[in-house]
Structure formats: C-alpha cells, structure tokens
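Q:
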Amino acid sequence: MNKGELIDVISDSTSLSKKATNKMLDAMLESIVTELENGNIVNIVGFGKFEAVNRAPKVGRNPKTGVVVPIEETIIPKFRFSKLFKKSIQ
1 MNKGELIDVI
11 SDSTSLSKKA
21 TNKMLDAMLE
31 SIVTELENGN
41 IVNIVGFGKF
51 EAVNRAPKVG
61 RNPKTGVVVP
71 IEETIIPKFR
81 FSKLFKKSIQ
C-alpha cells in the first residue's frame, strides 16, 4: 500500500474528502517528525512508539579497498510496535 492508497482507504472509512485526508495525514507525519527533531517520543497506544536514538560512532571498512573509515555518531529514527499491534497481525 502506498500513500495514495492509504488516503483512499482512510477517506472511504471516514467520509472525509481525499484532499482533507491528505492534509490530515501530512499534518500527522509532520508532527511526528517535528517531535522527534525536538527529542521527544511519540507513543500511539495500540500502534507503537516513535523515538530518535543516538547511534554511537564506530569504525567501518570500505569493501573494495579495505580502508578503515570512521563513521560518526548520528541520531536515527526508531519505531517499536506495541504488543497489541504485534498480537493482531499474528
């Protein structure tokens, strides 16, 4: 399912227009990204938890040349499914 198909499904089940549904979905995703940028956790009960976590610096290796390459510390987004969500798809 892509974003357009998701908008169609939500629009059909809520009787909102596709334009309104698209705006709502964009606002939701923007809000999640903004909260993660600010260092906050977004927890959607029954679905899962979005958070930004620090990835420690490490040493990598170029597979072609074998040269050691330092990989800097970075922040990555992480998603953890809720127990209810995991149980519902089994």
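Heads up: the sequence shown at position 74 corresponds to 74 in my numbering, and the numbers run straight through without jumps.
Here a beta-carbon is modelled for each residue, glycine too, at the ideal position from N, C-alpha and C.
Just so it is clear, the structure is predicted and the values come from calculations on it, not from any experiment.
(1) How close, in whole Å, do the beta carbons of V59 and P70 come, if the pair is a contact with beta carbons under 8 Å?
(2) Looking only at its own chain, which residues have a Cβ that is under 7 Å from the Cβ of E35, when we skip the five neighbours before and after it?
(3) What's the gap between the Cα of K18 and the Cα of N2?
(4) So L84 packs on G46, CB below 8 Å; how close in whole Å?
(5) How is the alpha helix (DSSP H) around A20 delimited, first residue to last?
(6) So who's on the other strand from V69, going by DSSP bridges?
(7) Do you know how far the Cα of K86 is from the Cα of P63?
(8) Between E37 and P57, what straight-line distance do the alpha-carbon atoms span, to the nearest angstrom?
A: Quick look at the numbers:
(1) 6 Å
(2) V42
(3) 14 Å
(4) 5 Å
(5) 18-37
(6) G60
(7) 37 Å
(8) 20 Å
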